[in-house]
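K.L.:
One structure is given below, represented as structure tokens, and several questions about it will come after.
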């Protein structure tokens, strides 16, 4: 490769496990830049997101999740990509209860389906981001990580809850696909003009368990009622499959599964093998059959799964975090993945980049590149830089300068 190497070629080389002209740097998530764009232009402009990253010298990619109507995802911000449609026979209502002595009011949302009702109860905490609680003008989203730690009661608690859940997880309609394609075409045009990687996702598995039944409850089910958990994951997988296939049929270079909650912070290697490996293996097969790479986001608790990840055939492990990743050892990770899986990450986003000094950032970048090498490695802060302040932005610029020095 030479100076004319494009970002797409550089990233694909790394995803293949090859050595590009230099170590690419591509932010797996870059919320700080998205916030700065919104502050400046009044909205998050995906064109600006790509343009400004290229101006910084980064290996930007086109994430089709951002080339959609943001208003479609108010109720499911953690499951972007397509509108989440309920069966047209589903109705919802909310009831708020204030109990003396309780710090927060509790909102109970009921989903009525032809197979019965489902309900979720959530503490309306002071930091509620979805409307004004005092005015009673607020929303309770359907699929959102924010709810999980505030939940008093989850949607799925028993086997009888599974039939109603299916009415809340229906496949994208033909109109949904046509609408998404019109939006995606704008992203694909940019990707082709600038020769950038085209990325689609996110698929979900255990992350959806956090929304539907809570992770602690899910792990308990794995031991006490494994058949229920298998059936729940089967419903999630059946819903996820056409959403994944739509991206693959469209021709993305990389499909990504969000798997933050599939590591050994929650699941033993044996439980991972039983409940998640079969689905992931099939998703990898589908991606490869379509000519796409398969990315797996797991930022903590991945080390004990390295052998399984190799056997599953994933192409890139996204989120190698040497600071907040539980048990993460970059040198051992590189050795155990045997250059067969690309590693994307290497530097912590919050502790190192957002709160560290330029000197600490420089040392972290140098160590990441020395440890993970120049082949099969994409440098990124893990998993996000989200603070748009000037002080953090200066640290982002320091990060980029260090990368250019050592790459």
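In this note's numbering, the protein residues as written are 2 to 408.
Just so you know, even glycine gets a beta-carbon here, dropped at the ideal spot from N, CA and C.
Quick caveat, the model's predicted, so the values are computed rather than measured.
Can you give me the Cβ contacts of residue 373 inside the same chain, cut-off strictly under 7 Å, excluding the 5 residues immediately before and after it?
P.N.:
These residues qualify, in order along the chain: 331, 335, 344 and 347.
K.L.:
What does DSSP give as the partner residues of residue 95 in its beta bridges?
P.N.:
Answer is 110.
K.L.:
Please determine if the region 144 to 157 and the region 211 to 225 are in contact, where contact requires at least 3 C-beta pairs separated by less than 8 Å.
P.N.:
The region 144 to 157 is in contact with the region 211 to 225.
K.L.:
Among 166, 249 and 78, which one has its Cα closest to the Cα of residue 115?
P.N.:
It is 166 whose Cα lies nearest to the Cα of residue 115.
K.L.:
Under the three-state reduction of DSSP, which class applies to residue 105: helix, strand or coil?
P.N.:
Three-state DSSP puts residue 105 in coil, outside helix and strand.
K.L.:
Please say whether residue 200 and residue 250 have beta carbons closer to each other than 8 Å?
P.N.:
Cβ distance not < 8 Å, so residue 250 and residue 200 don't count as in contact.
K.L.:
Does the structure place the region 376 to 387 close enough to the region 24 to 41 that three or more beta carbon pairs sit under 8 Å?
P.N.:
With the cut-off at 8 Å, the region 24 to 41 and the region 376 to 387 touch.
K.L.:
For residue 16, which residues of its own chain have a beta-carbon under 6 Å away from its beta-carbon, when the five flanking residues on both sides are left out?
P.N.:
Counting only Cβ-Cβ distances below 6 Å, and skipping sequence neighbours, we find 294, 316, 317 and 343.
K.L.:
Report yes or no: do three or more beta-carbon pairs, one from the region 215 to 225 and one from the region 264 to 273, lie closer than 8 Å?
P.N.:
Yes: the two stretches touch, three or more of their Cβ pairs being nearer than 8 Å.
K.L.:
For residue 259, list the residues DSSP reports as bridge partners.
P.N.:
Beta-bridge pairing links residue 259 to 298.
K.L.:
By the DSSP assignment, the alpha helix (DSSP H) with residue 7 in it spans what residues?
P.N.:
Where residue 7 is concerned, there is no enclosing alpha helix (DSSP H), given that its DSSP letter is neither H nor E.
K.L.:
Taking Cβ to Cβ, would you say residue 82 is nearer than 8 Å to residue 66?
P.N.:
A contact, by the Cβ cut-off of 8 Å.
K.L.:
Just verifying my parser: in three-state terms, what is the DSSP assignment at residue 153?
P.N.:
Residue 153: strand per DSSP, three-state reduction.
K.L.:
Who are residue 198's beta bridge partners in DSSP?
P.N.:
DSSP, once it has assigned bridges, lists 62 as partnering residue 198.
K.L.:
Please classify residue 40 as buried or exposed, where buried requires at least 16 other C-beta atoms within 10 Å of its C-beta.
P.N.:
The residue in question, residue 40, is exposed, as its Cβ has fewer than 16 Cβ neighbours within 10 Å.
K.L.:
Alpha carbon to alpha carbon, how far is residue 244 from residue 387? Give it in angstroms, no decimals.
P.N.:
Straight-line Cα distance between these residues: approximately 27 Å.
K.L.:
Measure how close the beta-carbons of residue 1 and residue 319 come, nearest whole angstrom, since I'm counting them as under 8 Å.
P.N.:
With the chain represented from 2 up to 408, any question about residue 1 goes unanswered, as that position is not in the structure.
K.L.:
Could you give the distance in angstroms between the alpha-carbon of residue 109 and the alpha-carbon of residue 123?
P.N.:
Straight-line Cα distance between these residues: approximately 7 Å.
K.L.:
Please list, in chain order, all residues of the same chain as residue 168 whose beta carbon is under 6 Å from its beta carbon, the five residues on each side excluded.
P.N.:
For residue 168, where only same-chain residues beyond five positions count, the Cβ hits under 6 Å are 88, 91 and 114.
K.L.:
Indicate the three-state DSSP secondary structure (helix, strand or coil) for residue 304 in the structure shown.
P.N.:
Helix.
K.L.:
Go ahead and label residue 60 buried or exposed: buried means 16 or more other beta carbons lie within 10 angstroms of its beta carbon, across all protein chains shown.
P.N.:
Residue 60 should be labelled buried.
K.L.:
If you count every other CB in all the chains shown that lies within 10 Å of the CB of residue 241, and 16 or more means buried, which is it?
P.N.:
Classification for residue 241: buried.
K.L.:
Since residue 378 sits in a beta bridge, which residues does DSSP pair it with?
P.N.:
BP columns for residue 378 point to 344.
K.L.:
Starting from the C-beta of residue 238, find all residues in its chain whose C-beta is less than 8 Å away, skip the five residues before and the five after it, and write them out in chain order.
P.N.:
The answer, listed in chain order, is 206 and 280.
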